[in-house]
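Chemist: According to the UniProt record's numbering, the sequence shown is numbered sequentially starting from 1.
The beta carbon of each residue, even a glycine, is placed where N, CA and C say it ideally should be.
There's a structure below that I have some questions on.
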Amino acid sequence: MSSFSKGKIGDLLTFQRGFDITKKEQTDGIYPVVSSGGVASYHNKFMAIGPGVVIGRKGTLGSAFYLETDYWPHDTTLWVKDFKGNDPKFIYYFLKTLRLERLDSGSSNPTLNRNFVHQLDANKPEPKEQKEIAAVLSALDAKIVCNNRINAELEAMAKTLYDYWFVQFDFPDANGKPYKSTGGEMVYNSTLKREIPAGWMDGSLWEIARYFNGLAMQKHRPAGSEYLPVIKIKEMGEGISDSTEKASPDIPRAAIVNDGDVLFSWSATLDVKIWSQGKGALNQHIFKVTSDKYPKTFYYFELLGYLAHFKMMAEKRKTTMGHITQDHLKQSRICIPPTELLFSPTSAIRRNFSDF
């Protein structure tokens, strides 16, 4: 039976402010220098013995990091000086559940005061249970890392094949041979100013998909205990966390995101992702991209292919936030294959990308 004793975080551990060191003062080594955003560099000296736990104190507040090795906690962090007999891995997972950014004691420069953290309520399991909890969560983390690596490898393989077929035009012809390399007919397209396969046409990113912009979710807060996590640009990059905002599940259906949906953040931080973090509520400044006419693989990789160009455009207009507008999507010209090539039951393109 589980046994938890009530107390304060200060009863579980003691936080200590990190040690200041500049990049110029560092010498390349094996010991991680941990700042508020994670491992920032490596030094030939350490100030804390691993395993250790560090949280962001200044700048990025409350983010927790676990270190197996000896390390140097930067001045922008708080590090656990004394675990008071508790399991370090459990402490790491426990701290990840807290929304420590709400304890900001700074003004224009967010700062986390360790004395505030020490006074927070905490339930303490027995040491044996701490290890069991940490072991289960560690196994889940390892599985997530493995799955993410597999997904990244599969996407890289798909991207290579996609480029080979849709950029170099060596998709399998009716005889299963590379189209362009084996003499497939190519015709000049005056809009794209290059040759494309016969039967293909030019179009725009706007024509191949629908772009639904998310909602201002602060207007759709949950009234009860049921909610959807709000997907902002941060969540696109880092996933759902305990600091993720919540929205009512009764939002318009178009604003609900499910696994497999293509998301395109079009303001400030530009990115294209296939969502895989579960059901959520789409915030403004992100498009959910869908199409009834073309397969997901096609519009996903076409958007991804234009991303570097969009980022270059945004970089030139930093003072205006670097938005990507509908007009930019309409002006982004692409080469579109015949739909029968994409959807034919015997199409090699369909067979290779249908489960992507």
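#1: Check Glu126 in the structure and name its three-state DSSP category.
#2: Express the C-alpha separation of Thr339 and Lys296 in angstroms, rounding to a whole number.
#3: Once you ignore the five residues that flank His74 on each side, which residues in its own chain have a CB closer than 8 Å to its CB?
#4: Quick check on DSSP: helix, strand or coil for Glu195?
#5: Roughly how many angstroms separate the alpha carbons of Leu341 and Leu192, rounded to a whole number?
#6: Identify every residue that forms a DSSP beta bridge with Arg17.
#7: What are the boundary residues of the beta strand (DSSP E) that Leu67 is part of?
#8: Return the CA-CA distance between Pro172 and Tyr179, expressed in angstroms with no decimal places.
#9: To the nearest angstrom, report how far apart Arg194 and Ile91 are at their CA atoms.
#10: Look up Lys23 in the DSSP assignment and say whether it is helix, strand or coil.
#11: May I ask which residues mark the beginning and end of the alpha helix (DSSP H) holding residue 365?
#12: Is Phe4 helix, strand or coil when you go by DSSP?
#13: DSSP on Pro345, reduced to helix/strand/coil?
#14: Can you check DSSP and say which residues form a bridge with Thr60?
#15: Figure out for me which residue from Gly59, Leu100, Ala48, Gln284 has the closest Cα to the Cα of Ile9.
#16: Would you tell me roughly how many angstroms separate the C-alpha atoms of Gln26 and His43, rounded to the nearest one?
#17: Work out the CA separation of Thr97 and Asp82 for me, nearest whole Å.
#18: If contacts are defined as beta-carbon pairs under 8 Å, then Phe287 and Leu263 qualify, I think. What distance do you get, rounded to the angstrom?
#19: Applying the criterion that 16 or more other CB atoms from any shown protein chain within 10 Å of the CB defines a buried residue, is Glu235 buried or exposed?
#20: If we ignore side chains and look at the alpha-carbon of each, how far apart do Thr319 and Met312 end up?
#21: Determine the extent of the beta strand (DSSP E) in which Tyr188 is found, giving its start and end residues.
#22: Using CA coordinates, which residue listed in Phe94, Leu112, Ile150 is at the minimum distance from Pro125?
#23: In the DSSP output, which residue or residues are listed as bridge partners for Asp121?
#24: Does the count of Cβ pairs from the region 268–285 and the region 201–209 closer than 8 Å reach three?
#25: So for Met217, helix, strand or coil by DSSP?
#26: Do you know whose CA, among Ala122, Lys131, Ile49, lies nearest Trp79's CA?
#27: Between Gly29, Ser241, Gly199, Leu13, which lies nearest to Cys335 when the distance is taken from Cα to Cα?
#28: Taking DSSP as the reference, what is the three-state secondary structure of Trp72?
#29: What are the boundary residues of the alpha helix (DSSP H) that Ile233 is part of?
#30: For Lys273, which of helix, strand or coil comes out of DSSP?
#31: Start and end of the beta strand (DSSP E) containing Tyr31?
#32: Which residues bound the alpha helix (DSSP H) around Leu263?
#33: Smallest Cα separation from Val136: which of Tyr164, Asn147, Lys89, Gly224?
#34: If you follow the beta strand (DSSP E) that Lys288 is part of, which residue opens it and which one closes it?
#35: Grab me the residues of Gly60's own chain with a C-beta within less than 7 Å of its C-beta, minus the 5 sequence neighbours each way, in chain order.
Modeler: On the basis of the data shown:
#1: Locating residue 126 in the sequence shown gives position 126, where the first residue counts as 1. Coil, per DSSP.
#2: Indexing the sequence shown from 1 puts residue 296 at position 296. Indexing the sequence shown from 1 puts residue 339 at position 339. Between Lys296 and Thr339, the C-alpha separation is close to 13 Å.
#3: The residue labelled residue 74 in the question sits at position 74 within the sequence shown. Here the set comprises Gly18, Phe19, Asp20, Ile21, Val33, Val34, Ser35, Ser36, Ala40.
#4: On the sequence shown, residue 195 is found 195 positions in, with the first residue counted as 1. The answer is strand: DSSP assigns Glu195 an E or B state.
#5: Translated into the one-based positions of the sequence shown, residue 341 becomes position 341. Translated into the one-based positions of the sequence shown, residue 192 becomes position 192. Leu341 and Leu192: Cα-Cα distance of roughly 20 Å.
#6: Here residue 17 refers to the residue found at position 17 when the sequence shown is read from its first residue. DSSP, once it has assigned bridges, lists Leu78 as partnering Arg17.
#7: Taking the first residue of the sequence shown as 1, we reach residue 67 at position 67. Element bounds for Leu67: 64–67.
#8: As a working mapping, residue 172 is identified with position 172 in the sequence shown. As a working mapping, residue 179 is identified with position 179 in the sequence shown. Distance between the alpha carbons of Pro172 and Tyr179: 6 Å.
#9: Taking the first residue of the sequence shown as 1, we reach residue 194 at position 194. Taking the first residue of the sequence shown as 1, we reach residue 91 at position 91. Distance between the alpha carbons of Arg194 and Ile91 is about 59 Å.
#10: As a position in the sequence shown, residue 23 is number 23, starting the count at 1. Of the three classes helix, strand and coil, the one that applies to Lys23 here is helix, per DSSP.
#11: Outside the displayed span of the chain (1 to 356) sits residue 365, for which this structure offers no information.
#12: To locate residue 4, count along the sequence shown from 1; it is residue 4. The answer is strand: DSSP assigns Phe4 an E or B state.
#13: Looking up residue 345 in the sequence shown gives position 345. Unreliable positioning characterises Pro345 in this predicted model, as indicated by a pLDDT of 49, which lies under 50. The coordinate reading is nonetheless provided below. Correct three-state label for Pro345: coil.
#14: For the purposes of this step, residue 60 is taken as residue 60 along the sequence shown, with counting starting at 1. Answer is none; Thr60 lacks a bridge partner.
#15: Numbered from 1 along the sequence shown, position 9 holds the residue referred to as residue 9. It is Leu100 whose Cα lies nearest to the Cα of Ile9.
#16: Looking up residue 26 in the sequence shown gives position 26. Looking up residue 43 in the sequence shown gives position 43. Going from the Cα of Gln26 to the Cα of His43 covers about 6 Å.
#17: In the sequence shown, residue 82 corresponds to position 82, counting from 1. In the sequence shown, residue 97 corresponds to position 97, counting from 1. Taking the straight line joining both Cα atoms gives about 20 Å.
#18: To locate residue 287, count along the sequence shown from 1; it is residue 287. To locate residue 263, count along the sequence shown from 1; it is residue 263. Contact flag correct, Cβ pair sits at about 7 Å.
#19: On the sequence shown, residue 235 is found 235 positions in, with the first residue counted as 1. Label assigned to Glu235: buried.
#20: On the sequence shown, residue 319 is found 319 positions in, with the first residue counted as 1. On the sequence shown, residue 312 is found 312 positions in, with the first residue counted as 1. Low confidence applies here, because Thr319 scores a pLDDT of 46, under 50, leaving its location unreliable; read the following figure in that light. Approximately 14 Å between the Cα atoms of the pair.
#21: Position 188 of the sequence shown holds residue 188. 186–189 is the extent of the beta strand (DSSP E) around Tyr188.
#22: On the sequence shown, residue 125 is found 125 positions in, with the first residue counted as 1. Taking only the C-alpha atoms, the option nearest Pro125 is Phe94.
#23: Position 121 of the sequence shown, counted from the start, is the residue given in the question as residue 121. Partner(s): Lys8.
#24: no
#25: Counted from its first residue, the sequence shown places residue 217 at position 217. Helix.
#26: Working through the sequence shown from its first residue, we reach residue 79 at position 79. Nearest of Ala122, Lys131, Ile49 to Trp79, Cα basis: Ile49.
#27: Position 335 of the sequence shown, counting from 1, holds the residue named residue 335. When only C-alpha atoms are compared, the closest one is Gly199.
#28: Position 72 of the sequence shown, counted from the start, is the residue given in the question as residue 72. The answer is strand: DSSP assigns Trp72 an E or B state.
#29: As a first step, residue 233 must be located in the sequence shown, where it is residue number 233. Its alpha helix (DSSP H) spans residues 233–238.
#30: Your numbering for residue 273 matches position 273 in the sequence shown. Residue state, collapsed to three classes: strand.
#31: The count along the sequence shown starts at 1 and reaches residue 31 at position 31. First-last of the beta strand (DSSP E) with Tyr31: 31–35.
#32: If you number the sequence shown from 1, residue 263 lands on position 263. That residue, Leu263, is in no alpha helix (DSSP H); its beta strand (DSSP E) goes 262–265.
#33: Translated into positions along the sequence shown, residue 136 becomes position 136. The candidate whose alpha carbon is nearest that of Val136 is Lys89.
#34: Against the sequence shown, residue 288 aligns to sequence position 288. Per DSSP, Lys288 belongs to the beta strand (DSSP E) from 286–290.
#35: On the sequence shown, position 60 is the one that residue 60 refers to. Reading the sequence as shown, one finds Thr at residue 60 and not Gly. Cβ neighbours of Thr60 beyond the five flanking positions: Ser36, Gly37.
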